Structure formats: C-alpha cells, structure tokens
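Novice: If you read the sequence shown in the working numbering, its first letter stands for residue 1, the second for the next number, and so on.
Quick reminder that beta carbons are idealized off the backbone N, C-alpha and C, glycines included.
It should be emphasised that the depicted structure is a prediction, and the values quoted were computed from it without experimental measurement.
Can you read through this structure? Questions will come right after.
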Amino acid sequence: MKMVSLRFDGVSYWAQVDGGPEFLVGQRVSYQGRKGLSNLKGTPAQRYDPRRHLADHSAVWLYFLAPTAAAEGGLFHTLNTYDRAAFTFGFLQYAAHVPDGDFVVYLRALLALPGAADYFPDLVLLDGRVHRHADDGLRPLESAASTAPLMAWLNPSTAQVEDTEVIQAARFIHWVQNDPAHRALQVRSGVEHMQAAMRRYDAAYGLDGRPIEQCLLVADIRHQGRGSSSEIRLALQANQPVEALLNVGANQYPERIKTLRKALKMLAGEPSFAGQRWRSALKDFSA
C-alpha cells in the first residue's frame, strides 16, 4: 500500500508517496459556496498530446479529443474537487457524479491494472461494480442509479477540504504521473467514451455527413453541459453551423470558446482530421 504524507502551505496541498519527491496535489479554492482542490499545473510531458498515442489508436479520434482536452486542462492529472461532481480527474476531467459515466468506467478499468492493489487496496470489482472493503464486508460504491457512496469516498464534503479528499487525489495524481500504463488507459477511456458518445449524438441530432468540426463541437457542448439539445439542433440548422455551435454558452464560458477556436484552427492543417465527416453507416469518421 502506498503511504501518503501531506503538507499545506496556506494556499496549496503537497504530497509525498512512500517518502519520494514532493508533488503538487492542488490549490485550495472556493467556488459557489463550495471548497475543494484545483490542479491545472504541469509540464508538457504531463499533457495529452495525440501524437504520442498514434501507435495505439486511430489518429482521427486522438485529434478529435484534443480541443476538448485543451479546454478541460489537458493534463493527465487535471483535478477539480470543488464543483457538483465532487471529484473530476484526468485530461478530459472524468466526473464522478454520473452513474456508469466516464469516471466510473475509467475507475473500473484502473482497478484491473497491476498498480491498483498498491494505490487503492480497499477497492475491488465485484460483478462489474466498484466495491470497498469495510469491516462488515464489501460495500458497493456505485450502481446504475447512483455514485453517491463513491463521491463520498473520494470527497466526503464540498463544505471544506478534508485530508481524505487530498489523499485520494494524491494517489490518483502520483499513479498517473509515474505509470505509463495508467496514462495509456486514460487515453483509451477517452477514445472509447467519445466513440460511444458520438453514436448517441448521431441518433439524437442526425449527424450523418456532418464535418468533424461540427461533431466535435456538439460533443464538447454535451461533455461540458453548457447547452441544451434544442440549442444544438438550432445551431446545426444555421447557415454557419460551426459559428453557431461556438456561440452556444459563449457568454458564460468565453475562455473555453477561445480555447476551442484556437484548437480548431491548429487542426485545420492536420491531414488526419481535416475533411473528415461522420458516417452513420460506419459509426465512425471518414473522408
């Protein structure tokens, strides 16, 4: 079991695992009456880069993730424990509050890695669900209806920052920073999540033949939750759908829209991305 020691400097929490080098867990922040941690600091090597994963995944899907990753922080250890999700983590900020959602699927896969017993020895998979060892036996942390026990295990309260919250975050951060298999799994989880999401969005919005830029923006709106389905449908019917989609939630999230514009501009010259369209029959993109 990995042993975690903590230090608070009045602004940020720092940790050591098994007496190793100290690393940043997160800055203490307040947001809409809640308190938690935020970590958006890291090196280029700790940031998602599609080019590093071309041997393992389709280039088009790796680049499809890039703008949303940039908008979500882009670091494999991106952390947020102050909003309604209680705990979001990873380069796409997988959120713990959604039953059978991206974080839950990611955590289940993590528990199959060899490092799981060292970082989270109290967790186990039973019948495909995450359970915790307790004095009276195994207790489920998530179900098809709720992740409330999982959220409480990760972050007992958003009214304050607790040692439990910092320690759990430190374990995730240290693991992903030091294990290539963990980072590879995070990318695979992102690719598979977006592939499944695009099939749902196609069914909801009729995306057959739509350029990849439009599909990406639909996916980003849904990922962040900044617009309704009616707003998405209206934007897709506009004369300039890309601009209309970028305008969804733009007043409330101007920095995110700025990041998306910049990322799309950079991808315009990428052969694996430019010119791709969604094909419903293939359930995939093709030129």
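1) Could you tell me the boundaries of the beta strand (DSSP E) in which Gly-26 lies?
2) Is the beta carbon of Val-248 closer than 8 Å to that of Ile-212?
3) What first and last residue would you give for the beta strand (DSSP E) that runs through Val-17?
4) Compare the Cα-Cα distances from Gln-276 to each of Ser-58, Gly-225, Ala-116, Gly-10 and report the closest residue.
5) Do three or more CB pairs link the region 153–166 to the region 16–23 at distances below 8 Å?
6) Taking the Cβ atom as the reference point for each residue, do Arg-108 and Val-130 lie within a distance shorter than 8 Å?
7) Quick one: using the 10 Å Cβ neighbour count with 16 as the cut-off for buried, is Ser-228 buried or exposed?
8) How would you label Ser-189, buried or exposed, when you count the other beta carbons within 10 angstroms and need 16 or more for buried?
9) Could you spell out the range, first to last residue, of the beta strand (DSSP E) harbouring Phe-8?
10) Using DSSP bridges, identify the partner residues of Arg-132.
11) Given a threshold of 16 other Cβ atoms within 10 Å of its Cβ, counted over all protein chains shown, does Ala-169 qualify as buried or as exposed?
12) Please report how far the alpha carbon of Met-1 lies from the alpha carbon of Leu-110, in whole angstroms.
13) Can you tell me which of Asp-208, Lys-283, Val-242 puts its alpha carbon nearest to the alpha carbon of Lys-265?
14) Skipping 5 residues on each side, what residues in its chain have a beta carbon closer than 8 Å to that of Gly-128?
15) With the cut-off set at 8 Å, would you say Val-191 and Trp-61 are in Cβ contact?
16) For Ala-86 and Phe-285, what's the separation of their Cα atoms in angstroms?
17) Taking 8 Å as the threshold (C-beta atoms), are Arg-132 and Leu-141 in contact?
Specialist: Put simply:
1) By one-based count along the sequence shown, residue 26 stands at place 26. Note, Gly-26: beta strand (DSSP E), 23–31.
2) Within the sequence shown, the letter at position 212 stands for residue 212. Within the sequence shown, the letter at position 248 stands for residue 248. Contact: no.
3) Numbered from 1 along the sequence shown, position 17 holds the residue referred to as residue 17. It spans 12–17 - the beta strand (DSSP E) in which Val-17 sits, taken as one unbroken run.
4) Indexing the sequence shown from 1 puts residue 276 at position 276. Closest by alpha carbon: Ser-58.
5) no
6) Counting from one through the sequence shown, the residue named residue 108 turns up at place 108. Counting from one through the sequence shown, the residue named residue 130 turns up at place 130. Yes, Cβ-Cβ distance for Arg-108 and Val-130 is below 8 Å.
7) As a first step, residue 228 must be located in the sequence shown, where it is residue number 228. It counts as exposed.
8) Here residue 189 refers to the residue found at position 189 of the sequence shown. So Ser-189 counts as buried.
9) Counting from one through the sequence shown, the residue named residue 8 turns up at place 8. It spans 4–8 - the beta strand (DSSP E) in which Phe-8 sits, taken as one unbroken run.
10) In the sequence shown, the residue the question calls residue 132 occupies position 132. Paired residue(s): Leu-123, Arg-139.
11) For the purposes of this step, residue 169 is taken as residue 169 along the sequence shown, with counting starting at 1. Ala-169 comes out buried.
12) Against the sequence shown, residue 1 aligns to sequence position 1. Against the sequence shown, residue 110 aligns to sequence position 110. Approximately 16 Å between the Cα atoms of the pair.
13) Residue 265 sits at position 265 when you count from the first residue of the sequence shown. That would be Val-242, whose Cα lies nearest to the Cα of Lys-265.
14) Within the sequence shown, numbered from 1, the residue matching residue 128 stands at position 128. So the list reads Arg-108, once near-sequence residues are dropped.
15) In the sequence shown, counting from the first residue as 1, residue 191 sits at position 191. In the sequence shown, counting from the first residue as 1, residue 61 sits at position 61. For Val-191 and Trp-61, yes; Cβs fall inside 8 Å.
16) Here residue 86 refers to the residue found at position 86 when the sequence shown is read from its first residue. Here residue 285 refers to the residue found at position 285 when the sequence shown is read from its first residue. Looking at the two C-alpha atoms, the distance is approximately 34 Å.
17) Within the sequence shown, the letter at position 141 stands for residue 141. Within the sequence shown, the letter at position 132 stands for residue 132. Yes, the Cβ-Cβ distance between Leu-141 and Arg-132 is below 8 Å.
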